[in-house]
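Visitor: Residues are numbered in the numbering used here as their position in the sequence shown, beginning at 1, plus a constant of 3. C-beta atoms are modelled at their ideal positions from N, C-alpha and C, and glycine is treated no differently. Keep in mind that this is a model prediction, so the values were computed, not measured. Would you mind keeping the following structure in view while I ask a few things?
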Amino acid sequence: AGLTSGGGTAPHYERALEQHDGYIRALERCGLQVHQLAADEAFPDSTFVEDVAVVTPRCAILTAPGAPSRKGEVAAIRPILERHHARIHAIDTGAALDGGDVMQIGSHFYVGLSQRTDPAGAHQLIGILEDYGMSGTTVSVSGFLHLKTGVTWLGDNTLIAAQEFIGHPQLAGFELIPVAPQEQGAANCLLINNHILMPAGYPRAREQVARLGREIIEIDISEFAKIDGGLTCLSLRF
Ligand code: CIR
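If you want it as C-alpha cells, here you go:
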C-alpha cells in the first residue's frame with residue numbers, strides 16, 4: 004500500500020518478502036552485518052528506510068520526509084539509530100528532506116532538490132555536515148523521485164546515470180556510465196566494499212558496469228520497483 008507514481012499493478016506481497024530476503028543475503032555476502040527491523044504496519048513505505056535518516060561516520064541525521072504519509076516514520080527510527088550513534092541531529096519538520104536524495108561520496112554529499120527535498124531541508128543538512136568537517140552541494144532533480152533514483156556512485160570517480168544527469172553542471176568532473184532510457188531502473192545501484200549490487204533485468208547496463216572489475220550481484224527487486232523503490236532505499240548503511 005505504499006506511495007506510487009505509476010498506475011501499474013500492486014506489489015505481490017509474498018514475492019516482495021522473498022526479494023527482501025534476497026537483498027539481506029546480498030548485503031551479508033558483501034561482508035555487512037544486517038540489523039533487520041520489524042515491520043511497521045502503520046507505514047507501508049517504511050521499508051524504504053533510507054529516506055528517514057542520513058548516516059555518516061561522524062553523526063546521524065533524522066530527515067523530514069517530503070511525503071505527508073511518511074513523516075511519522077522518523078519517530079520509530081530514532082531509538083534504533085541511538086543504539087549505534089552518539090550524535091543524532093534532526094532536520095526541522097518545517098523543511099523537507101528524504102535520504103533518497105542524498106548521495107555520499109567520501110566526505111562530500113550531493114543533495115537532490117526534488118519533489119521530496121526542498122532547499123531548506125538540503126541547506127540544513129549541509130550545515131550539519133559542515134559542522135562535522137564534511138561538505139555538501141545541491142543538485143536539481145526533475146524527472147525522478149529522488150536524486151539516487153537517477154544517479155548513483157560506483158566507486159572511484161564513476162557514476163551510473165540516467166540521461167537527466169549526463170552533463171549535469173552540478174555533477175561535473177565524474178566519469179559517467181549512461182543508462183539507456185529503457186534501462187532507467189539500472190541507475191540505482193549500490194556499491195558496498197568491492198561489490199556492486201544491481202537491480203536484475205538490465206543487461207546493457209550490467210555489461211558496462213562489469214568493465215569496472217568489481218563483483219556484481221544482481222538482485223530482483225521488481226515488487227519494490229512497482230512502488231518506486233530501488234536497491235539503495237531498502238537499507239541504511241554505516
Ligand atoms: C515513496 O514514494 O516514498 C516510496 N514508495 C518509494 C521510496 C523510494 N525511496 C528511495 O528512492 N530512496
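Does the pairing of the region 92-106 with the region 55-74 give three or more beta-carbon distances under 8 Å?
Guide: Yes: at least three Cβ pairs fall under 8 Å.
Visitor: Three-state secondary structure (DSSP) at isoleucine 219?
Guide: The sequence position of residue 219 within the sequence shown is 216, counting from 1. DSSP places isoleucine 219 in strand when its eight states are reduced to three.
Visitor: Does the Cβ of alanine 189 have 16 or more other Cβ atoms within 10 Å, making it buried, or fewer, making it exposed?
Guide: Here residue 189 refers to the residue found at position 186 when the sequence shown is read from its first residue. So alanine 189 counts as buried.
Visitor: Of the choices Cys62, Ala45, Pro60, Arg61, whose alpha-carbon is the least far from that of alanine 79?
Guide: Stepping through the sequence shown from its first residue, residue 79 is reached at position 76. Per the Cα distances, Ala45.
Visitor: Are the CB atoms of leucine 128 and isoleucine 83 nearer to each other than 8 Å?
Guide: Here residue 128 corresponds to residue number 125 of the sequence shown, with the count starting at 1. Here residue 83 corresponds to residue number 80 of the sequence shown, with the count starting at 1. Contact annotation: leucine 128 and isoleucine 83 have beta-carbon atoms that are not nearer than 8 Å.
Visitor: Would the beta-carbon of histidine 23 be found less than 7 Å away from any heavy atom of ligand 1?
Guide: Working through the sequence shown from its first residue, we reach residue 23 at position 20. Checking the Cβ of histidine 23 against ligand 1 gives no.
Visitor: Count the CB pairs spanning the region 152-163 and the region 11-20 that are closer than 8 Å, and state whether there are at least three.
Guide: no
Visitor: Using three-state DSSP, classify tyrosine 26 as helix, strand or coil.
Guide: As a position in the sequence shown, residue 26 is number 23, starting the count at 1. In the structure shown, tyrosine 26 sits in a helix (DSSP, three-state: H, G or I).
Visitor: Of the choices Tyr135, Pro181, Ile219, His171, whose alpha-carbon is the least far from that of isoleucine 199?
Guide: Stepping through the sequence shown from its first residue, residue 199 is reached at position 196. Looking at the Cα atoms, Ile219 is the closest of the given residues.
Visitor: Can you pull the DSSP bridge partners for histidine 92?
Guide: Translated into positions along the sequence shown, residue 92 becomes position 89. In the DSSP assignment, histidine 92 forms a beta bridge with Ile64.
Visitor: Mind reading off the beta-carbon distance from aspartate 231 to leucine 148? Whole number of angstroms is fine, and I expect it under 8 Å.
Guide: Here residue 231 is taken as the residue at index 228 of the sequence shown, counted from 1. Here residue 148 is taken as the residue at index 145 of the sequence shown, counted from 1. Sure, about 5 Å apart at Cβ, within 8 Å.
Visitor: May I have the straight-line CA-CA distance separating histidine 126 from valine 55, to the nearest angstrom?
Guide: For the purposes of this step, residue 126 is identified with residue 123 of the sequence shown, where counting begins at 1. For the purposes of this step, residue 55 is identified with residue 52 of the sequence shown, where counting begins at 1. Roughly 17 Å separates the two Cα atoms.
Visitor: Tell me which residues share the same chain as tyrosine 205 and place their Cβ nearer than 7 Å to its Cβ, disregarding the 5 neighbours each side in the sequence.
Guide: Numbered from its first residue, the sequence shown carries residue 205 at position 202. Excluding residues within five positions, the ones whose Cβ falls inside 7 Å are Glu186, Gly188, Ala189.
Visitor: Candidates Ser143, Asn160, Glu178, Gly176: which alpha carbon is nearest glutamate 167's?
Guide: Sequence index remark: in the sequence shown, residue 167 carries index 164 (1-based). Ranking Ser143, Asn160, Glu178, Gly176 by Cα distance to glutamate 167 puts Ser143 first.
Visitor: Within 10 angstroms of the Cβ of serine 138, are there 16 or more other Cβ atoms? Answer buried if so, exposed if not.
Guide: For the purposes of this step, residue 138 is taken as residue 135 along the sequence shown, with counting starting at 1. Exposed: under 16 other Cβ atoms inside 10 Å.
Visitor: Starting from valine 55, follow the beta strand (DSSP E) in both directions and report where the run begins and ends.
Guide: Residue 55 sits at position 52 when you count from the first residue of the sequence shown. Counting along the chain, valine 55 falls outside any beta strand (DSSP E), and DSSP gives it neither H nor E.
Visitor: Over the uninterrupted alpha helix (DSSP H) stretch that includes isoleucine 80, give me the two end residues.
Guide: For the purposes of this step, residue 80 is taken as the residue at position 77 of the sequence shown. Run containing isoleucine 80: 76-85, per the alpha helix (DSSP H) assignment.
Visitor: To the nearest whole angstrom, what separates the beta carbons of isoleucine 222 and alanine 203, a pair I think is in contact under 8 Å?
Guide: Within the sequence shown, the letter at position 219 stands for residue 222. Within the sequence shown, the letter at position 200 stands for residue 203. Yes, isoleucine 222 and alanine 203 are in contact; Cβ-Cβ is about 6 Å, under 8 Å.
Visitor: Assuming phenylalanine 227 contacts alanine 19 (C-beta within less than 8 Å), just tell me the rounded distance between them.
Guide: For this step, residue 227 is matched to residue 224 along the sequence shown. For this step, residue 19 is matched to residue 16 along the sequence shown. Their Cβ separation, rounded to whole angstroms, is 7 Å, which keeps phenylalanine 227 and alanine 19 in contact under 8 Å.
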